[in-house]
Structure formats: C-alpha cells, structure tokens
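Report on one structure; see the data block that follows.
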Amino acid sequence: PELLDWLAHWFMQEGWSLKKLHRLIVTSGTFCQSSQELADPAVAAKTQQIDPDNRLLWRMNAHRLSFEEMRDSMLKACDALDSSVGGKPVNLFTEPFPVRRTLYGLIDRQFLPGTLRMFDFANPDLHIPQRSDTTVPQQALFLMNHPSSLQQSHRLAELANAADESSAARVSLLYQQVLQRTPTADEMAIAIAFLEQPATEPTRQAPATAADWSYGYGRADEELRQVADFQPLPHFTGQSWQGGPAWPDAKLGWVQLTATGGHPGNDRNHASVRRWTAPRDMLIKVTSQVVHEAAPGDGIRTFIVSSKAGILQQATLHQQTVDLNVEERNVTKGETIDFVCDIGDVLNSDQHFWRIQIAEAASAPTAETASTVTWNSELDFPITIVNQLTPLQQLAQVLLCSNEFLFVD
11 PELLDWLAHW FMQEGWSLKK LHRLIVTSGT FCQSSQELAD PAVAAKTQQI DPDNRLLWRM
71 NAHRLSFEEM RDSMLKACDA LDSSVGGKPV NLFTEPFPVR RTLYGLIDRQ FLPGTLRMFD
131 FANPDLHIPQ RSDTTVPQQA LFLMNHPSSL QQSHRLAELA NAADESSAAR VSLLYQQVLQ
191 RTPTADEMAI AIAFLEQPAT EPTRQAPATA ADWSYGYGRA DEELRQVADF QPLPHFTGQS
251 WQGGPAWPDA KLGWVQLTAT GGHPGNDRNH ASVRRWTAPR DMLIKVTSQV VHEAAPGDGI
311 RTFIVSSKAG ILQQATLHQQ TVDLNVEERN VTKGETIDFV CDIGDVLNSD QHFWRIQIAE
371 AASAPTAETA STVTWNSELD FPITIVNQLT PLQQLAQVLL CSNEFLFVD
C-alpha cells in the first residue's frame, strides 16, 4: 500500500502524465527482473517458501507473447521487421504479407480477422481493461501452417544458408537469431543429425483407375444433349485443376476441379467438366451425390452426359443435396461420361461437392478387369504431396514455435 501511495503522489506531481508513469514502471528494477529461479539454491528455496505466488514481486512472472509481440519478434528474428514510424495501416493477413510492425495493422471493426480473435485480441467495439489469456489448438496450428508463419521459416533458413555451408554454423545462427543464445551440445548434436539425415519425399501411388479421368471445362448444350467445346484445364496446383496459378484465372475465371468437387466458370460456356472415359466395353452403374451449401446466389446446374446417349441425369440445386445416379447401362470403349456443373442465372457462391463412383456391373469380372472394377472421383484424383519446408526451414519453424521463444522470462 505504501508503494502505491507513493506512486499515486508521484503521478500527480508529474502532471498526471501516463507516458511518464509507464516509463517509470518499465525501467524500474522490479519490472526488469527475470522470471528464472535465483542462482543461489538456498535463497531460491527461501523465497519460494516465503512468497510462492510472487505477491511481493521478487521475480518477474513469465508471460506469453501477445499476438502483436509474437509477430514482431518473428519478423525481427528474420531481420525483416520494418521499424519505420508512421504511415497508413496495412492488412496483416493478405499476401504479400507486410513486414511493418503489427502496431500498423488494419483493424476493421465489422470484419475483424479471425486470427486476431484466435489470439485473444480484444473486441474493438468495447472497453476491455485486460485481455483474456487462452491456450487453444488453433494457435499452434497457425504457427505451423499459416503462410505468413511459414514465410518466416523460409526467411530464417535463407539467413542461415547465406552465413555458412556447415551444419553447425547454420544451427548456431538459427539459435542466435531466434533464442539469442548458442545451442547446448545436445541441441547441436540433435539439430545436425536432423539436418543431415537422408531426404525422403512422401509419395502416393496413383491407382490404375486414375488414368481414365480427365479434367476440363466446356458447355452443356441442352439442345444437342451433349458437352460442347470441351478443353482440358491447363494448370494443376497439386490440389486442384484450374485456369492458371492464380484463382480466379484472368482468362478462364473461377472454373476449378478438386478431389471432392469444384466451382463452375464465370458463365455457362465455362462449365466445369470431370470426364470419365470407358477403357473397354462394359456394363456400368453410376452413383453420385452433389452438395451445394451456400445461401447467397441462385445455385448451380448439374448434368451427367454420355457422349453416345446424351444427358443421362440433370438437376438444379441451391442449398440442397441431390443424388444423381445412373442405373446399369452398357458403354463402349472410348465412350465418355461427363459430370458437368455450370452456374444458375448468376455467378455467386457456386462452390460445391460432388462425389462420384462408377462401378463395373459385371457379376463375374475377369482376371483382366478384377483390379479396376470401380472408379472413385476422390480416390482417383491426382494429389501431389510435397514437403513445404526443407529440413533447415523445419528447424527454423521449430525454434519459432518453441516456448522459449514465445514466452518472456
């Protein structure tokens, strides 16, 4: 109480200046203490016995970095932080991610980014004297997976690569940049062993049935009951077929096909077309389910079209789930079955799910066909699995995600 009385009196004498009050507190010996145990074991044991809850402030309480502190610290560790003063606010979560201090991040009260809420950012519409302090899985997932976090791992690795070619020198630089210390002997040995282990690339063996699918766009001609102007989609991202590296594409627009569904193009001349080609004469049965969830817009149109028999099934749906099935029918080698989706009357929220299975209906498949009697649009889709981070980048990410970095002692 006496200290608070003195501080209140000093505050009034200094003209009620909050800046001076903050400066006095943060430069005081009490505020500058470490949260680590005292070096003398006897003294440390006595202090724990007298004041285990640290009510008398004999040490600093360890605290986790706020989102603003964490982001700025990550950028500083990568030598990327722009510490210039003043200027317009920037969108922190739009690529290319800015490197300005988080203080200059744009805050839109109506559309507050979910990432800020995830890290206990205070509601800007209310007076919040103290932030909540939560620990939830989404915070760790942000550090491991968000593109802006991965970008800092890339930057750190580039610094280490530029410094020296030896693994030991790279590890030392990473520890100095992130944790401001040299690694212990054990940490160095573990890190070097990790960096020098043989590289292994994850692989996924494509099923034989994958070769019978193709992915493109075209137009559902309802008069001719055929798909017109089919063209293959030119770009594969590793997860989807689309018009180009950017989505929407400047030329082909929103048209996209993924393992579980996709999105039609900007007009009905750019419908998404998932095409299956019969590898031989056979009897088949088609089962599929289309799901459209979004409330905005007026929904989508879907068609199942045979190159020989025309339109086999069709449906228009908006916030609905529809089964589109084709009972047993004979197909000949080279015949195509197209699964077509285009927009309703307007382009708006036309993303959808469409899971398709084509089964050979032969009661006794031959030895030649026994392994390829079922085609599944999701399992047959060509997913490319790649390591987003090299071993050095992974080590940088581990250090940036460590408690030693994320907590202030």
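Quick note on the working numbering: the sequence shown kicks off at 11 and runs consecutively. The beta-carbon is built from N, C-alpha and C at its ideal position, and this holds for glycine as well.
Tell me which residue opens and which closes the alpha helix (DSSP H) that residue i is part of.
| i | result |
| --- | --- |
| residue 181 | 177 to 189 |
| residue 124 | 124 to 128 |
| residue 21 | 12 to 23 |
| residue 155 | 147 to 155 |
| residue 57 | 51 to 60 |
| residue 413 | 413 to 416 |
| residue 32 | 28 to 36 |
| residue 81 | 77 to 87 |
| residue 197 | 195 to 205 |
| residue 408 | 401 to 410 |
For residue i and residue j, I'd like the C-alpha separation in whole angstroms.
| i | j | result |
| --- | --- | --- |
| residue 346 | residue 302 | 25 Å |
| residue 222 | residue 343 | 11 Å |
| residue 18 | residue 168 | 50 Å |
| residue 194 | residue 127 | 37 Å |
| residue 247 | residue 36 | 50 Å |
| residue 277 | residue 270 | 22 Å |
| residue 203 | residue 131 | 39 Å |
| residue 133 | residue 123 | 11 Å |
| residue 234 | residue 351 | 17 Å |
| residue 165 | residue 186 | 15 Å |
| residue 406 | residue 290 | 52 Å |
| residue 29 | residue 21 | 10 Å |
| residue 298 | residue 120 | 40 Å |
| residue 412 | residue 27 | 38 Å |
| residue 404 | residue 367 | 39 Å |
| residue 374 | residue 339 | Unreliable positioning characterises residue 374 in this predicted model, as indicated by a pLDDT of 49, which lies under 50. The coordinate reading is nonetheless provided below. In a straight line, the C-alpha of residue 374 is about 16 Å away from that of residue 339. |
| residue 184 | residue 175 | 13 Å |
| residue 177 | residue 197 | 13 Å |
| residue 199 | residue 249 | 37 Å |
| residue 230 | residue 95 | 57 Å |
| residue 15 | residue 25 | 16 Å |
| residue 392 | residue 220 | 7 Å |
| residue 73 | residue 156 | 23 Å |
| residue 39 | residue 359 | 58 Å |
| residue 265 | residue 363 | 14 Å |
| residue 446 | residue 98 | The first residue shown for the chain is 11 and the last is 419, placing residue 446 beyond what the model contains. |
| residue 144 | residue 150 | 12 Å |
| residue 32 | residue 53 | 31 Å |
Since I believe residue j is in contact with residue i (beta carbons under 8 Å), could you give me their beta-carbon distance rounded to a whole number of angstroms?
| i | j | result |
| --- | --- | --- |
| residue 163 | residue 399 | 6 Å |
| residue 308 | residue 275 | Not quite, the Cβ-Cβ distance comes to about 16 Å (not below 8 Å), so this is no contact. |
| residue 181 | residue 240 | The Cβ separation is near 54 Å, so there is no contact. |
| residue 100 | residue 108 | 4 Å |
| residue 419 | residue 45 | 5 Å |
| residue 206 | residue 293 | Actually they are not in contact, since the Cβ atoms of residue 206 and residue 293 sit about 56 Å apart, beyond 8 Å. |
| residue 286 | residue 385 | 6 Å |
| residue 243 | residue 253 | 7 Å |
| residue 237 | residue 296 | Contact doesn't hold; Cβ gap of about 16 Å is too wide. |
| residue 189 | residue 327 | The pair is not a contact, with the Cβ atoms about 55 Å apart (cut-off 8 Å). |
| residue 70 | residue 43 | 4 Å |
| residue 217 | residue 389 | 6 Å |
| residue 300 | residue 332 | 5 Å |
| residue 152 | residue 125 | 6 Å |
| residue 334 | residue 314 | 6 Å |
When DSSP builds the beta bridges, which residues end up paired with residue i?
| i | result |
| --- | --- |
| residue 226 | 242, 283 |
| residue 115 | 100 |
| residue 271 | 363 |
| residue 386 | 367 |
| residue 314 | 323, 349 |
| residue 433 | Here the chain covers residues 11 to 419 and nothing more, so residue 433 does not appear. |
| residue 235 | Paired residues: none, contrary to the question. |
| residue 250 | 268 |
| residue 73 | 418 |
| residue 92 | 110 |
Name the two residues that bound the continuous beta strand (DSSP E) containing residue i.
| i | result |
| --- | --- |
| residue 364 | 362 to 370 |
| residue 292 | 292 to 302 |
| residue 325 | 320 to 327 |
| residue 347 | 346 to 353 |
| residue 267 | 266 to 268 |
| residue 332 | 330 to 333 |
| residue 338 | 336 to 341 |
At least three beta-carbon pairs within less than 8 Å, the region 75 to 82 to the region 112 to 132: yes
Validate contact between the region 310 to 330 and the region 253 to 264 using beta carbons, cut 8 Å, 3 pairs: no
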